[in-house]
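Counting from 1, one number per residue, gives the positions in the first sequence under UniProt numbering. Even glycine gets a Cβ: it sits at the ideal position worked out from N, Cα and C. Worksheet for the structure shown next.
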Amino acid sequence: MNVLNVAEKPSVAKSVSAILSRNQGLRVREGRSRYNKIFEFNYTIRGQPCHMLFTSVTGHLMELEFQDRYRKWHSCDPADLYHAPINKSVPEDKKDIKRTLEEEARRCQWLVLWLDCDREGENIAFEVVDVCTAANPHLTIKRARFSALIDRELHQAVQNLVDPNKWFADAVDCRQEIDLRIGASFTRFQTMLMKDAFIIDTATDDRNLVLSYGPCQFPTLGFVVERYWEIQAHEPEEFWSINCSHRSDEGTANFNWMRGHLFDYTCAVIIYEMCIEEPTATVTNVRQQEKLKYPPHPLNTIELEKRASRYFRMSSEHTMKVAEELYQAGFISYPRTETDSFSSRTDLHTIVREQQGHPEWGVYAQRLLDPEAGLWRHPRGGGHDDNAHPPIHPTKFSPGESGWSQDHRKLYELVVRHFLACVSKPAVGAETTVEIDIAGELFSACGRVILEKNYLDVYQFESWGGSMIPTYTVGQQFIPTSLTLDSGVTRPPPLLSEADLLSCMDKEGIGTDATMHDHIKKLLDRFYATKDASTRFTPTNLGEALVMGYDDMGYKLWKPYLRAGMERDMKSISEGTKSKVEVLANILQQMKACFLDARLNKVKLLEAMAIFFERSNRSGSDELHATGEVVRRCGLCQESDMVLRKNRDGHFMVGCLGFPQCRNAVWLPGSVSEAVVTTNICNFCTPGPVYLIQFKFRQLEIPPNYSANHLGCIGGCDQILTELTEICGTGSRMQARNRGPTAPTSNVHNTNPRQGVCMNCQETGHSSHDCPLHSRNVRHHGTSQHSGEASVSCSSCGTPCLLRTANTANNRGRKFYSCQSQECNFFVWEDSLSNGTGGRNVTRSNSIPAASNPRRGGRAPRGRGGRNGSRTTNMTFVSATGEPISGRRCFVCGDPSHFANVCPNRGV
DNA sequence: GCAAGGTC
């Protein structure tokens, strides 16, 4: 009997053939496809002697496509793509594999499928069945189920052949069809909508620009944009903490306040003054513990990508390319695996033994194998298993090949060191924690001594810092060397790094381990996001506008929910609890409704895009370009007229006809229901003539003391119009962004210097920080705001600082600079720059000479240890500039006659 | 010119 065996990839065909034939009588011949060889050997299945022909495909053999009539973008309405007929067929570049299968199938009686044992593998199995049975309808179809390419497993699989699982294959058919229909319809719709309407200045040729939508790429973009918005919405808040250090002969211990930090300055100051009053520290607890730092789990694809990004700043896409090449050359195992635990049958020692000769880690490998060294430990698994591939590990020793690039070397080194680390004992450290009490406040310091480095000796990508602190005993008392009240401001989270992005995708089930890097690369290719040198992602204007547009519609198409829901349905199909037909009909119906609704609301997308991009003249139907009644000559460009217009959403504005070259515009109150230009001319505004406008306001939207009818002037003289603009707001787009749970709540967003006009109200003639609407919002929201351009550079990292205004109880209106860098905490009060007391970690501590303290003698002892009435201290209190501070004053009001805790102004 | 999933 002739048996045709088909694997998912050439490497599996080769391995299985070698194992089943035990390399006895194994022959190889070429197939029609260059990569997919045919192996031949004899084998006995359940007593029946068989001649085995073993070949392979390369992943999916077929592709899903719309029928020809629907392929051209303008051939149909994109909404038709939800029901347009589709074909599954073998594409041109797979035709030679198809021919091999057909030819071999004709000679065989049985077809045994050796595809990977996951849903995609099962689907590929049915593609192979379709091709083979078309050539030979009499074939008996069987499936081999195996979970690893190991002797026993494979012999068992071939002796216990089963039927292929149609449910698994159905789930994939369903996913493919949904992805195609949704992706094609939304991509065509949004590309055709935007490309002609705006001047989208990306690096690519305009004609090649595609604004793609996909159920994986869009949620990936969503993660990037969401984090970006979170950063923009962040409002820095000051906090205060008390820190204590103690220097002795043995060294210095830095004690942290166990309260962490307080946001209330007065409260922090009062506690601080209590500590200054009775500064003697008493050691209350000394704890010693052994701590272990464990090596990482065995390496799977996502971890490989994350670690290569973190350690070498290699992109996930490049990592997979290099890993694939190392795999093809036989140096590492299959790089696309979810598995992060080794099977108990894997011979780990042999893999280590091969590495003994390496000049850098060979000695470590020898130590691992030496039972006396006691370094070996069976690796801990991370609980993931794809039942097809082992964790990524070295398969062949190499001291470095001549053809390798630096990246090949680095990645091979990572795989080897990671493997050696996995089978090593954890690092051991001894940690000492000392707690002290100063005037009832608790502080703690921690020191660590590393006792055994173990796996850290070989895994140099990780470190475990050691720090020494002096020896303390419970009950011991000392006077701190310094006791300071330090300030800081809260910082926004950093932009997402590539490793963060992979984690988000992994957690939400976006993409598979083999495709995640593709989706990330797609964001860059489509100009939706950029990546900086430290692998952090920022959305581009295009990326942000698209997400903003769909968000404004109320659709969460950029969130992972859609994919997660689909994934649940696919699971139900593969378990047989739902049918493919049922799920397809349901999802496609929902998505078509969503598509049609999105198209009805396309104005939201256009508005979001208009925030970032200039309108293009190619778009003739845009009512923003419709000519309105002339109000006056434009004072800015002095070339065009300014005309009265009504926006799509019903708001009125007076804009320059020279748009987009001239962006001069006056936005009118949102409460205007009608506006007509009259022939009356303003007597005050110049250059004239400025025609007056007859306004009608919606009565319910204006205060009762204003009239609903008003003959007004937009030239600047009209107080009533100004007031109503302040009260009601305008139809300006940027105003509309400050709402909703995902929209930034801060006007920080509005200081985005992307345009030449005020980002707050879109008017020209001022910038956002002196925008009249802006100051109104400051008062209204009571939040800290960006309030100026950078004029100070950070003394820590050199990045320009932003000047901001604090709005906390004690520092309302006070200006401070904070570093723009995500990594830096630099903060300084503006006024301290002139009086020389500033700097981050401003030392607000004062010395307490007894003579200068008018209240000292009058206070009763507080009964805690360490206080004896006389205060000779070796504490030093200095300003940040290093000058000794003398004298005392209340921190709340500055009065030298009392302390803050009894200040009459406390709490004001 | 469109998706996402396999793979060389």
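- Per DSSP, Asp437 lies in no alpha helix (DSSP H) segment; the continuous beta strand (DSSP E) that holds it begins and ends at 427-438.
- Between the beta-carbon of Trp167 and that of Ala144 there is about 18 Å, and that puts the pair past the 8 Å contact cut.
- In the structure shown, Gly488 falls within a strand segment according to DSSP collapsed to helix, strand and coil.
- Burial is judged here by how many other beta carbons sit within 10 angstroms of a residue's own beta carbon; Trp558 has at least 16 and is buried.
- When the Cα atoms are used, Phe255 and Ile242 turn out to be separated by approximately 9 Å.
- Excluding sequence positions up to five before and after Phe684, its CB lies within less than 8 Å of the CB of Cys713, Gly715, Cys717, all in the same chain and listed in chain order.
- Annotation for Thr140: the continuous beta strand (DSSP E) segment containing it runs 140-143.
- In the DSSP assignment, Lys88 forms a beta bridge with Leu64.
- Taking a contact as a CB-CB distance under 8 Å, the pair Arg377 and Lys425 counts as one, their CB atoms being some 5 Å apart.
- At a Cβ-Cβ threshold of 9 Å, Thr395 and Ser333 count as neighbours.
- Looking at the DSSP output, Thr252 shares a beta bridge with Arg247.
- With fewer than 16 other Cβ atoms from the protein chains shown falling within 10 Å of its own Cβ, Met468 counts as exposed.
- In chain order, Phe66, Gln67, Tyr70 place their CB closer than 8 Å to the CB of Pro85, counting only its own chain and leaving out the 5 sequence neighbours on each side.
- The criterion of a C-beta distance shorter than 9 Å is satisfied by Met320 and Arg336.
- The beta-carbon separation of His349 and Leu326, rounded to 22 Å, does not stay under the 8 Å limit for a contact.
- Secondary-structure assignment with DSSP links His710 through a beta bridge to Phe695.
- Taking every protein chain shown into account, the CB of Val474 has fewer than 16 other CB atoms within 10 angstroms, so this residue is exposed.
- DSSP places Val643 within a strand segment (E or B) once states are collapsed to three.
- By the criterion of a C-beta distance shorter than 6 Å, Phe239 is surrounded in its chain by His261, Phe263, Gly488, once the five residues flanking it on both sides are discounted.
- Distance from the Cα of Leu606 is smallest, within the candidate group Asp486, Met194, Glu63, Thr55, for Met194.
- For Thr538, the beta-bridge partners assigned by DSSP are Thr530.
- Between Leu456 and the set Ala157, Val428, Ile200, the nearest pair of CA atoms involves Val428.
- With a cutoff of 9 Å on beta-carbon distance, Leu111 and Lys142 are scored as near each other.
- DSSP places Tyr364 in the helix class (H, G or I) of the three-state scheme.
- Nearest to His138 by alpha-carbon distance, out of Arg107, Leu161, His155, is Arg107.
- Between Val547 and Val225, the gap from beta carbon to beta carbon is short of 9 Å.
- In this chain, Trp558 is not harboured by any beta strand (DSSP E), its DSSP state being neither H nor E.
- Contact annotation: Met609 and Ser444 have beta-carbon atoms that are not nearer than 9 Å.
- If you look at Val666, you'll find it isn't in any alpha helix (DSSP H); it sits in the beta strand (DSSP E) that goes 665-667.
- Counting along the chain, His51 sits inside the beta strand (DSSP E) bounded by residues 48-56.
- Counting only runs of 3+ residues, the beta strand (DSSP E) found wholly inside the segment 112-158 occupies 140-143, in chain order.
- Comparing alpha carbon positions, the residue from Arg417, Pro359, Ala365, Asp386 closest to Val352 is Ala365.
- Short of 6 Å from the beta carbon of Ser185, and not among the five residues preceding or following it, lie these beta carbons of its own chain, in chain order: Pro78, Leu81, Phe595.
- Here Met505 is near Pro219, since their CB atoms are less than 9 Å apart.
- Within the model, the alpha-carbon separation for Asn160 versus Thr44 is close to 12 Å.
- Cβ atoms of Ala197 and Ser616 come within 8 Å of each other, at about 6 Å.
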